[in-house]
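Structural data, given as structure tokens:
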């Protein structure tokens with residue numbers, strides 16, 4: 001999408017772009033990585049296997065002066081859903097330095113409680129996990145279309 | 001998108017579905033309404049011209065026991081950007097009863113400050129306003145594909 005001011009939104013979104021996947025299942029990470037490499041080759045996929053690794057990675061971006069990920073994909077059950085919600089709250093806390101990064105929660109769970117609680121904790125959207133490699137590919141293509149080609153993602157170049 | 005548990009996500013998303021547009025420019029509201037009626041005929045578009053009307057509408061949903069909107073489209077400059085951010089913060093406040101509703105900020109502004117501050121205040125995504133009726137139609141189609149056909153939206157049937 002272009003706007004009346006200047007360049008297409010997508011040019012900004014792709015600049016220094018990485019995406020953090022928080023996923024405790026290594027096989028799922030491989031599936032997601034493969035789908036992302038096909039649908040979003042311009043964006044570097046990063047992996048954290050748990051809450052601690054995710055926070056460590058985000059803090060290292062701030063310390064090293066590298067860009068924060070443009071988006072976070074967060075598996076809710078890490079392996080307990082409380083682990084996912086705890087991380088979500090830490091990222092979205094008022095005093096957090098990562099608060100601006102959109103977090104998409106992924107889960108096989110279709111329970112209304114899991115969905116609505118995730119939104120309450122600051123999830124930007126909730127997606128039930130695709131079932132196989134082909135469905136992952138379709139999903140990451142939609143991720144590209146919405147987040148990278150339609151929306152303007154936040155940038156590290158402006159910090160409050 | 002379907003999942004291993006049951007029905008397609010979209011069936012839930014379309015049930016009792018409305019969408020609240022907060023827009024102080026009546027001509028823009030007509031454009032948005034027209035595009036939504038084409039792309040999302042199953043979803044009732046509601047209009048609030050300012051912060052007060054938006055809060056009044058959201059509170060009336062709670063009082064009357066009708067469903068909250070599935071999504072809010074919020075024009076940032078209402079007419080000042082501070083008005084948009086104030087409403088965004090009120091919706092996303094820890095104690096808010098509407099906190100779970102995703103809010104997509106819309107604006108002609110492409111200023112990095114407007115974009116990143118909106119994410120800090122809890123915007124779920126930021127979209128630069130389409131320029132004409134055709135572009136609005138393309139945008140609302142993307143809105144349908146992502147929010148109604150890919151994501152699982154929160155439901156009023158589960159309240160914390």
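Protein chains in written order, with UniProt numbering: chain Y, 1 to 160; chain S, 1 to 160. Positions of the beta carbon are idealized from the N, C-alpha and C atoms, including for glycine.
Checklist entry - Looking at C-beta atoms only, is the number of pairs between the stretch 10-26 of chain Y and the stretch 72-81 of chain Y that lie closer than 8 Å three or more? => result Enough Cβ pairs lie closer than 8 Å, so yes.
Checklist entry - Counting contacts by CB-CB distance shorter than 8 Å, is residue 19(S) in contact with chain Y? => result Not an interface residue.
Next on the checklist: Can you tell me whether residue 57(Y) is helix, strand or coil according to DSSP?
Outcome noted: The answer is helix: DSSP assigns residue 57(Y) an H, G or I state.
Next on the checklist: Let me confirm a value: residue 113(Y) is counted as buried when at least 16 other C-beta atoms fall within 10 Å, else exposed. Which label applies?
Outcome noted: The residue is exposed, with fewer than 16 neighbouring Cβ atoms inside 10 Å.
Item to check | Min CB distance residue 155(Y) to chain S below 8 Å | outcome: Interface annotation, residue 155(Y): in contact with chain S, CB-CB separation under 8 Å.
Next on the checklist: Would the stretch 126-144 of chain S count as touching the stretch 89-103 of chain S if we require 3 or more Cβ pairs under 8 Å?
Outcome noted: No: the two stretches stay apart, fewer than three of their Cβ pairs being nearer than 8 Å.
Checklist entry - Expressed to the nearest angstrom, what Euclidean distance is found between the alpha-carbon atoms of residue 107(Y) and residue 83(S)? => result Roughly 35 Å separates the two Cα atoms.
Next on the checklist: Let me confirm a value: residue 92(S) is counted as buried when at least 16 other C-beta atoms fall within 10 Å, else exposed. Which label applies?
Outcome noted: Answer is buried; the Cβ neighbour count reaches 16.
Checklist entry - Just the Cα atoms here: how many angstroms apart are residue 110(Y) and residue 152(S)? => result Taking the straight line joining both Cα atoms gives about 9 Å.
Next on the checklist: Suppose contacts are defined by Cβ-Cβ distances below 8 Å. Is residue 23(S) in contact with residue 47(S) by that definition?
Outcome noted: In this structure, residue 47(S) lies closer than 8 Å to residue 23(S) by Cβ.
Next on the checklist: Let me see if you follow: with CB-CB separation under 8 Å, is residue 70(Y) close to chain S or not?
Outcome noted: At a cut-off of 8 Å, the C-beta of residue 70(Y) has no neighbouring C-beta in chain S.
Next on the checklist: Is it buried or exposed, residue 79(S), if we count other Cβ atoms within 10 angstroms and call 16 or more buried?
Outcome noted: Here residue 79(S) is exposed: its Cβ has fewer than 16 other Cβ atoms, across all protein chains shown, within 10 Å.
Checklist entry - Name the chain Y residues that come within less than 8 Å of residue 119(S), Cβ to Cβ? => result The answer, in chain order, is 99, 100, 101, 102, 154.
Checklist entry - In whole angstroms, what separates the C-alpha of residue 45(Y) from that of residue 36(Y)? => result Approximately 7 Å between the Cα atoms of the pair.
Checklist entry - In the stretch 131-143 of chain S, which residues sit with their C-beta less than 9 Å from some C-beta in chain Y, listed in chain order? => result Residues passing the 9 Å Cβ filter: 131, 135, 138, 139, 142, 143.
Checklist entry - Using a Cβ-Cβ distance under 8 Å, would residue 125(Y) count as near chain S? => result Yes - at least one Cβ of chain S is within 8 Å of the one on residue 125(Y).
Item to check | Neighbour list for residue 151(Y) in chain S, Cβ cutoff strictly below 7 Å | outcome: What residue 151(Y) touches in chain S, judged by beta-carbon distance under 7 Å, is 125, 126, 127, going in chain order.
Item to check | Per-residue DSSP class, three states only, for residue 126(Y) | outcome: Correct three-state label for residue 126(Y): strand.
Checklist entry - What does a CB cutoff of less than 8 Å around residue 138(S) pick up in its chain, not counting 5 residues either side in sequence? => result For residue 138(S), where only same-chain residues beyond five positions count, the Cβ hits under 8 Å are 130.
Next on the checklist: Can you check whether the C-beta of residue 66(S) is within less than 8 Å of a C-beta belonging to chain Y?
Outcome noted: When Cβ-Cβ separations below 8 Å define contact, residue 66(S) makes no contact with chain Y.
Checklist entry - In chain order, what residues of the same chain have a beta carbon less than 7 Å from the beta carbon of residue 126(S), not counting five sequence neighbours either side? => result Correct list, in chain order: 105, 115, 118, 119.
Checklist entry - Apart from the five residues on each side of it in sequence, which residues of its chain come closer than 8 Å, Cβ to Cβ, to residue 32(Y)? => result Same-chain partners within the cutoff: 21, 23, 45, 73, 136, 140.
Item to check | Partners in chain S for residue 146(Y), counting only beta-carbon separations shorter than 7 Å | outcome: In chain order: 142, 146.
Checklist entry - With 16 as the cutoff for other CB atoms within 10 Å, does residue 66(Y) come out buried or exposed? => result Burial call: exposed.
Checklist entry - Can you tell me where the beta strand (DSSP E) with residue 163(Y) in it begins and where it stops? => result Because chain Y spans 1 through 160 in this model, residue 163(Y) falls outside it and cannot be assessed.
Checklist entry - Which value, in whole angstroms, describes the spacing of the CA atoms of residue 57(S) and residue 50(S)? => result Each residue's alpha carbon lies about 11 Å from the other.
Next on the checklist: Could you give the first and the last residue of the continuous alpha helix (DSSP H) run that contains residue 83(S)?
Outcome noted: Element bounds for residue 83(S): 81-92.
Next on the checklist: I'd like to know whether the C-beta of residue 112(S) is nearer than 8 Å to at least one C-beta of chain Y.
Outcome noted: Look at residue 112(S): its C-beta is under 8 Å from a C-beta on chain Y.
Checklist entry - Given that residue 32(S) touches chain Y, what residues does it touch there, using C-beta distances under 7 Å? => result Scanning chain Y for C-beta atoms nearer than 7 Å to the C-beta of residue 32(S) yields nothing, as the closest lies near 15 Å away.
Checklist entry - Any idea if residue 41(S) is buried or exposed, counting beta-carbon neighbours within 10 angstroms, 16 or more meaning buried? => result Label assigned to residue 41(S): exposed.
Item to check | Spatial distance of residue 144(S) from residue 39(S) (CA atoms) | outcome: Rounded to the nearest angstrom, the gap between the Cα atoms of residue 144(S) and residue 39(S) is 7 Å.
Item to check | Where residue 13(S) falls, given that 16 or more other Cβ within 10 Å makes a residue buried | outcome: Around the beta-carbon of residue 13(S), 16 or more other beta-carbon atoms lie within 10 Å, marking it buried.
Item to check | Euclidean distance between Cα positions of residue 27(Y) and residue 43(S) | outcome: Rounded to whole angstroms, residue 27(Y) and residue 43(S) show a C-alpha spacing of 38 Å.
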